[in-house]
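Converting from the sequence shown to this note's numbering requires adding 804 to each position, the first position being numbered 1.
Glycine residues also receive a C-beta, built at the ideal position from the N, C-alpha and C atoms.
If you're wondering where the values come from, they're calculated on a predicted model, not measured in any experiment.
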Amino acid sequence: MLGRAATSGGESLIFMVGAVVERSPLGKLAKNPKRYQVSFLAGKPTGDVIRRVEEAAVPPEQVVAIGREIYAWHPKTIARSWTTVTSLLALAQES
Numbered sequence: 805m806l807g808r809a810a811t812s813g814g815e816s817l818i819f820m821v822g823a824v825v826e827r828s829p830l831g832k833l834a835k836n837p838k839r840y841q842v843s844f845l846a847g848k849p850t851g852d853v854i855r856r857v858e859e860a861a862v863p864p865e866q867v868v869a870i871g872r873e874i875y876a877w878h879p880k881t882i883a884r885s886w887t888t889v890t891s892l893l894a895l896a897q898e899s
């Protein structure tokens with residue numbers, strides 16, 4: 805359960821995460837939550853950056869930027885965190 809830890813902006817963590825879930829622009833499309841991601845940016849990207857990110861999606865992938873969050877739906881691809889990628893490399897190098 806998420807606590808009510810305050811963020812630097814004074815909003816509670818539960819409020820911020822709840823708002824991100826409520827906005828979920830691709831939620832009805834994203835049937836497999838393992839392939840639906842949201843990235844939390846430090847600041848709002850410029851219109852040019854948003855346009856380039858959205859154009860980089862290869863159908864049926866979709867990317868939507870709202871405020872400081874970028875939502876991405878990758879129905880036919882797999883995304884991994886950098887921690888997972890470097891751990892997989894380390895395992896492969898041990899073999």
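Hey, residue i and residue j: beta-carbon distance below 8 Å or not?
i, j, result
"Tyr875", "Leu830", "yes"
"Val824", "Val842", "yes"
Could you check if residue i is buried or exposed, using at least 16 other CB atoms within 10 Å of its CB as the buried criterion?
i, result
"Val821", "exposed"
"Val867", "buried"
"Trp877", "buried"
"Ser899", "exposed"
"Ala846", "exposed"
"Ala869", "buried"
Over what stretch of residues does the alpha helix (DSSP H) that includes residue i continue unbroken?
i, result
"Glu873", "Where Glu873 is concerned, there is no enclosing alpha helix (DSSP H), although the beta strand (DSSP E) it sits in stretches over Glu873 to Trp877."
"Ser891", "Trp886 to Glu898"
Relative to the C-alpha of residue i, which candidate in the options has its C-alpha closest?
i, options, result
"Ala883", "Arg856, Pro837 and Ser899", "Pro837"
Which residue or residues does DSSP assign as beta-bridge partners of residue i?
i, result
"Phe819", "According to DSSP, Phe819 bridges with nothing at all."
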